[in-house]
Amino acid sequence: MSFRRRAAVAAVSLVVAAGCTATTSGGTTFEPSGPPAELPSEPLATVDADQFSSILVGLRGRPVVVNVWASWCGPCRVEAPLLDEAAAEYGERVAFLGVASRDERGAAADFIEQYDLDYPNLFDADGEVREALGLRGFPTTYVFDAEGRGRATVIGGIGEQQLAAQLDDLLE
Amino acid sequence: MIDRGLALSVGVVVLVVVITRRLRPPRTIEPRSLLDALIPPVLVGGLVGRLTYMALDDLDSFVHVRDVLIIRGGVEFWAALLVGIGVAARRASRDGCPPVLRLVDLAPVALWAMAAYDATCLLREGCFGPESPIGLRPTGLGQPVIPLGLLSAGLLVVAGVVVRRRWPHAPLTTLVAALTFVALVRAIASFWLPKFGSLLTRQHVESIVVAAAGMAATVVLVFTHGLSQPHDRPDGVDR
C-alpha cells in the first residue's frame, strides 16, 4: 500500500473516530408526566428526573427541543452555536432546553458563557435525567411535539437542515 | 464514538471511485493510480474547507484544535473544491500533463463521487426537500418530502457522463461548464432545503455567485474557443 493510501486510510479513520455517533431514531420512549412546573429562574439549576419531567409538562403547548450536552464533548461545542441560532430564530414558537450532564458545574457554566447560550440550561447532577431519557451518546437532541410526545431523537450533532425540517413540520 | 452516517457515506464514495476505476478508467493516469491522484486534493481541500468554515463561523472554535476533525460541524464546499482543484492541477503539471486535461479527466469521477455523497443522505440525517404527497419521509417528520439529495445525485451522474463523453473536446469549456452545473444544482436545491429563517445561507450565496460567474465564463469560452476543438493530447494519453 502506497504511503499516500496509508495516510488517507489513517485520516479517514481519525475523522471517523473524532466524530460522535450520529443516528436519528423516532421519538424517545421518555414520556413527560407529573404536575406541570415552571422553568427555574436560576441558571443551570440542578434537577432530578421528576423535576425535569414536570418542566417538560409545563412547556406543553409548543414544540420543545431538549439538547443533552457536556462541556468536554467536541460535537457539543460544534453544535452549540447552531442551537443558539435556532432558539433565537424560533423565539417563543419553540422551547429550547439544554441539559448539562456528566459534567462539572463550573465547566458547564463556562461552556454556556463561552457560547453565549441564551436558552435555559439545566444541570443533571446525578445522571437521573440522562438515564430517564435513555441517553446513548453526547450530544443527543430530543424533539417533542406540542403535546409532549417525542418525535425524534438525534444522537450526535444535529444539523440545521434536520432541525429546521423537524421544527417547521411540527409548527405547521 | 463513530459518526456512522458520515463513515458510511465516505465508504460508498470510495466504492464508487473504485468501480469507476474499473469501468470507466481515467485517460491521463494509470487507473491503479486513481486513488493516489484523488487523495491529496480531497484531503487538502477538505482540510481547507473545514478551516475556512470554522474561521467564517466562529474564530473561537480554533481554541479546541481537535474540533477541526469534526467534519459534521461543517465544511465550506467551494473553498474545499477550488483548493482541491488547485492541488490536482499542480500535481498534473508535475506529472507533465496539461492541468486542464487532467482536471477534465478526473471531473467525471469527482461528479460521480459527489453524486454518491448526495445519495447517501439516506444513510445520514435524511434527504430533505419541499413537502410533497409523493416522496420520502425522513425520521421525525410527519409529511413526505421530495428527496433533493437523490435528485441532485441523479443530475450529477448525468453530468459526469456528459463530461466524460466530451473528452477531449474543449476541455477548459467543459470543465468550467461542469463547475457551473454543480453550482447551479446546489444553488437551486438550496432554495428548497430547510433552514433557519428566510435569508439565504452563506453557502447558498456562494453557490449563486459561482453559478453566475461560471455561466458568464462558459459563454465567453464557447464564443472564443468553440465546443469541438480537441485538445492536443500529451504522449501516452489514450483516446
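So the protein lines, in turn, are chains X and U.
Here our numbering = 1-based position in the first sequence + 2.
Here our numbering = 1-based position in the second sequence + 413.
Where is the CB? At the ideal position from N, CA and C, for every residue including glycine.
None of the values given here were measured: they were computed from a predicted structure.
A straight line joining the alpha-carbon of D126/X with that of A630/U spans about 57 Å. In the displayed model, H617/U falls within a helix according to three-state DSSP.
For D480/U, the closest Cβ of chain X is nearer than 8 Å.
Around the beta carbon of I114/X, 16 or more other beta carbons lie within 10 angstroms, which makes this residue buried. The count of Cβ pairs closer than 8 Å, one atom from the segment 126-141 of chain X and one from the segment 442-457 of chain U, stays below three, leaving the stretches out of contact. Counting along the chain, S565/U sits inside the alpha helix (DSSP H) bounded by residues L561 to R579. If you look at W71/X, you'll find it in the beta strand (DSSP E) that goes V66 to W71.
Annotation: the segment 492-565 of chain U contains the following complete segments of the alpha helix (DSSP H) (minimum length 4 residues), in chain order: 512-532.
Secondary structure of V49/X (DSSP, three-state): coil. Within its own chain, the residues whose Cβ lies closer than 8 Å to the Cβ of D112/X, once the five positions on either side in sequence are excluded, are S73, listed in chain order. Under the 8 Å criterion on CB atoms, E538/U is classed as interfacial with respect to chain X. Counting C-beta pairs closer than 8 Å gives fewer than three between the segment 530-538 of chain U and the segment 572-588 of chain U, which falls short of the contact rule. Within the segment 142-167 of chain X, contact with chain U at the beta-carbon level (separation under 7 Å) is assigned to V145, R153, A154, G158, G159, G161, E162, Q163, Q164, A166 and A167. In its chain, beyond the 5 residues on either side, A134, L135, G136 and G152 have a beta carbon closer than 7 Å to the beta carbon of F32/X. With fewer than three CB-CB distances shorter than 8 Å, the segment 611-630 of chain U does not count as touching the segment 515-528 of chain U. Put simply, of D470/U, A501/U, R550/U and T465/U the residue whose alpha carbon is nearest the alpha carbon of A492/U is T465/U. Using a CB distance cut-off of 8 Å, G462/U does not count as an interface residue toward chain X. Two segments are said to touch when three or more pairs of C-beta atoms, one from each, lie closer than 8 Å; by this definition the segment 487-507 of chain U does not touch the segment 557-569 of chain U. Within the DSSP bridge table, the entry for S103/X names D126/X as partners. Linking D508/U to A520/U through their CA atoms gives a straight-line distance of about 18 Å. Each residue's CA atom was taken as its position, placing V488/U and G458/U some 10 Å apart.
Here I484/U has L419 and R463 as same chain residues with Cβ atoms under 7 Å from its own Cβ, once five neighbours each way along the sequence are excluded. Cβ proximity to chain X below 9 Å picks out L606, P607, K608, F609, G610 and T614 from the segment 599-617 of chain U. When 7 Å is used as the limit between beta carbons, D171/X is near these residues of chain U: L554, G555 and Q556, in chain order. DSSP, reduced to helix, strand and coil, places G36/X outside both helices and strands of the structure shown, so it counts as coil. Close to chain U, meaning a Cβ-Cβ distance shorter than 7 Å, are the following residues of the segment 80-99 of chain X: V80, P83, E87, A88 and E91.
Going by DSSP, A148/X is part of no alpha helix (DSSP H) at all; its letter is neither H nor E. A Cβ-Cβ separation of about 15 Å leaves E81/X out of contact with K608/U under the 8 Å criterion. Within the same chain, P45, L46, L99, G100, V101, A102, A110 and I114 come within 8 Å of N123/X by CB-CB distance, once the 5 residues on both sides are set aside.
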